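Take a look at the structure set out below.
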Amino acid sequence: MKKNIVFTIILLLLFLPFFMWLAWIFTPKTKFVAAIIDKTVLTTQGQEHISFNWILNYNRYTKTSIDPYEIDHDYFGFFPLEDEKYKLKGLERFTSKQIDQLSDDADMVYFTDTYGIYNNEWFQKTNVNERSGMLYGGLSDKDLELLALMKEKKKLIITEFNTIGSPTQSRNRALFEEMFALKWTGWTARYFDNLDLEVNKELPQWLIKNYKKSHNNQWPFTKSGIAFVNDQDQVVILEEDTHLSNAMPHIISTEFAQDHYGLPEKIRYSFWFDVMKPDLKVNEVISSFNISTNKEGMKELNKYGIPNIFPAITMHKNKDYSFFYLSGDFSDNPINYNSSYFKGIGYFKGMFYDENDITERTSFFWKYYRPLINTILEEYIEE
């Protein structure tokens, strides 16, 4: 009897992925037209929009009544080819009439990344940690034209980290800020698990050079910390113990965000983010970055006018329009896209990451990004 039970359990486990795939296959498709803008696509894997495409595929949201989204094809922006060749298929090639048609056809627009592609990243035998001339990037006039129309037509708008940061021109940045009552302070930042130059060879060279330039060629850091960089190439370093009681940035969500969007009360975030300042008469902040500064750290931030608490999610959700700004590189997570073909895969999410690794970002997708975007899309479609 025991042998039969064990055999049955083993059989069920072996066939479970097949049944999960079948459940996905029989999930009804929902046509939902998303205009995805990604100008930072180094490979056909589409790392900067993979998380959003995962959600579209898992939920069977399709670009037509039949066809699913293809991660290497269904977006506007930079398209990598072989032998260092590429194609530019952004909105810049559209006429105003075509932009208007797109705003009619699309249910939503999502600006996942406008940072762009730079010479040192694209052409071989160059240092990817150095800055160089831009091939393509920045929020363009046509991008703004689409955003204005989507807002006017009350379509869903999601934007995120660096949408109006470098290399977007100041004029276009100002137009976006006015359109959505949200300003960029000029600062972006990121956590580094080791600031020791002898140990961490992946530290950006431009970051090191710019800091040394204004600090007598000194780089005294050897622990973990956070690097803040502004649009004037100023660099502020906060180091663990010296400036921070905890070097890891955390995102704290309001009770509303926890109840409504299924977000955790607190979660760590180890990648790039920007410091934004919304007009709270127009927008609502439902999730915030929290930097664990001590007295010295707060003193250093105050010197440059940087707050230690600032928005992670800014939203305006009303009858006039629906807008979300995600202040981190939230759609860039190291996830396995193939897992989106298995219904119920979320029950096994703990198998995909190691929480003892403080720099891993996969858990952020499962615990924060997925419930957030799922809820945003579900509510919009139901409305």
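Mind the numbering: the sequence shown is residues 1 to 383 in UniProt numbering, read in order.
We put the CB at the ideal spot given by N, CA and C, even for glycine.
Because the structure is a prediction, the values reported are computed rather than measured.
For Tyr86, the three-state secondary structure derived from DSSP is strand. The distance from the Cβ of Thr163 to that of Phe111 is about 5 Å, consistent with a contact at the 8 Å cut-off.
Secondary structure at Tyr341: helix, using DSSP grouped into helix, strand and coil. If you look at Asn210, you'll find it in the alpha helix (DSSP H) that goes Gln205 to Lys213. Here the C-alpha atom of Glu296 lies approximately 55 Å from the C-alpha atom of Lys97. Judged by beta-carbon spacing, Pro68 lies beyond the 9 Å limit of Lys183, meaning their Cβ atoms are not closer than that value. Distances from the alpha-carbon of Val275 to those of Pro307, Lys266 and Arg268 put Pro307 closest. Residue state for Tyr118 is assigned as strand, using DSSP reduced to three classes. Comparing C-alpha distances from Thr293 to each of Asn246, Val236, Asp332 and Asn336 shows the shortest one belongs to Asn246.
Per DSSP, the beta bridge partners of Leu244 are Glu240 and Thr293. Secondary structure at Ile267: strand, using DSSP grouped into helix, strand and coil. For Asp104, there is no enclosing beta strand (DSSP E); the enclosing alpha helix (DSSP H) has its first and last residue at Ser96 to Asp105.
Counting along the chain, the unbroken alpha helix (DSSP H) around Phe180 starts and ends at Ser170 to Phe180. Counting along the chain, Ser322 sits inside the beta strand (DSSP E) bounded by residues Ser322 to Leu326.
Across the set Ile226, Pro249 and Asp233, the C-alpha of Ile226 shows the shortest separation from the C-alpha of Glu239. Boundaries for Phe348: no alpha helix (DSSP H) harbours it, and the DSSP string shows neither H nor E there. Counting every other CB atom within 10 Å of its CB across the protein chains shown gives Phe78 a total of 16 or more, marking it as buried. Lys277 is bridged by DSSP to Lys183.
Distance between Ser339 and Leu149, taken at the CA atoms: about 35 Å. Check the Cα spacing between Ala312 and each of Ser322, Glu284, Pro28 and Gly165: the tightest is with Glu284. Around the C-beta of Gly350, fewer than 16 other C-beta atoms lie within 10 Å, and the residue is accordingly described as exposed.
Membership of Pro371 in any beta strand (DSSP E) is not indicated; the residue belongs instead to the alpha helix (DSSP H) covering Arg370 to Glu382. In this structure, the beta-carbon distance from Ser287 to Thr254 falls below 9 Å.
Around the CB of Glu160, 16 or more other CB atoms lie within 10 Å, so the residue is classed as buried. Residue state for Thr43 is assigned as coil, using DSSP reduced to three classes. Bounds of the alpha helix (DSSP H) holding Ile55 are Ile50 to Tyr58. The criterion of a C-beta distance shorter than 9 Å is satisfied by Ser270 and Pro249. Listed in chain order, the non-local C-beta contacts of Thr359 below 6 Å within the same chain comprise Asp193 and Ser270, local neighbours out to five positions each way being set aside.
Per DSSP, Tyr261 is one residue of the alpha helix (DSSP H) stretching across Glu255 to Tyr261.
For the pair Ile36 and Asn53, the CB atoms are nearer than the 9 Å cut-off. By the beta-carbon neighbour count (other beta carbons within 10 angstroms, threshold 16), Asp332 is buried. For the pair Ile157 and Phe19, the CB atoms are not nearer than the 9 Å cut-off. Under the DSSP assignment, Glu160 falls in the beta strand (DSSP E) whose first and last residues are Leu156 to Glu160. Only buried fits Asp329, as 16 or more other CB atoms lie within 10 angstroms of its CB. CA-CA distance, Tyr61 to Glu378, rounds to 10 Å. Taking 9 Å as the cut-off, the beta carbon of Pro17 is found closer than this to the beta carbon of Phe342.
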